[in-house]
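Numbering (this note's numbering), first residue to last: 58 to 164.
Cβ atoms here follow ideal geometry from the backbone N, Cα and C, with glycine treated the same way.
Bear in mind that the values here come from a model prediction, so they are computed numbers and not experimental data.
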Amino acid sequence: MSSFQCEEDRKNSDRLTELCDKLQVKLKIYKRQVEEAEEVAAVNLGKYRQLMSQVDDANERADIAENSLAKLRSKNRASTIGPLGLSASASFVHVASASDVAALQQQ
Numbered sequence: 058m059s060s061f062q063c064e065e066d067r068k069n070s071d072r073l074t075e076l077c078d079k080l081q082v083k084l085k086i087y088k089r090q091v092e093e094a095e096e097v098a099a100v101n102l103g104k105y106r107q108l109m110s111q112v113d114d115a116n117e118r119a120d121i122a123e124n125s126l127a128k129l130r131s132k133n134r135a136s137t138i139g140p141l142g143l144s145a146s147a148s149f150v151h152v153a154s155a156s157d158v159a160a161l162q163q164q
């Protein structure tokens with residue numbers, strides 16, 4: 058082998074070593090970026106799960122409130138209908154007297 062060939066081989070080897078070193082540095086950078094992205098993703102997933110739990114809780118509370126409201130409205134409707142089936146308005150409640158009851162029973 059000639060000295061020229063040896064010199065070219067050494068230069069090629071040096072270039073390949075330098076290229077390999079640069080690629081290893083890039084690989085370390087990419088690995089660090091992947092780790093950081095995974096950490097961000099884990100944090101965001103945790104936030105998402107927490108918010109979904111809060112949404113589920115809020116929906117459950119809304120369902121309970123709607124059911125309670127429906128029960129109260131039903132109870133309120135039942136209590137506004139007087140004895141003899143006479144309904145009461147918010148501004149006027151008719152209280153049946155004994156003569157009213159007797160007149161209704163005779164009909």
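Residue i versus residue j: straight-line alpha-carbon distance, rounded
i: GLN107; j: ARG134; result: 40 Å
i: ALA147; j: GLY103; result: Here ALA147 scores only 48 on pLDDT, less than 50, and its place in the model is too uncertain to base an answer on.
i: LYS88; j: LEU73; result: 22 Å
i: ALA155; j: LYS132; result: 27 Å
i: GLU65; j: SER59; result: 10 Å
i: ASN116; j: ALA94; result: 32 Å
i: LEU129; j: ARG118; result: 16 Å
i: ILE86; j: GLU75; result: 17 Å
i: ASP113; j: SER125; result: 18 Å
i: LEU84; j: ASP71; result: 20 Å
i: ALA99; j: GLN111; result: 18 Å
i: GLU169; j: GLN62; result: Lying before the first or after the last residue shown, residue 169 is absent from the chain, which here runs from 58 to 164.
i: ASP78; j: MET109; result: 46 Å
i: GLN81; j: GLN90; result: 14 Å
i: MET120; j: GLN162; result: Per the sequence presented here, residue 120 reads as Asp, with Met not at that position. Using only the alpha carbons, I get a separation of about 45 Å.
i: ALA127; j: ASP157; result: 33 Å
Contact set for residue i: own chain, Cβ-Cβ below 7 Å, skip 5 residues either direction
i: TYR105; result: none
Own chain partners of residue i with C-beta closer than 8 Å, once the 5 adjacent residues on each side are dropped
i: LYS68; result: none
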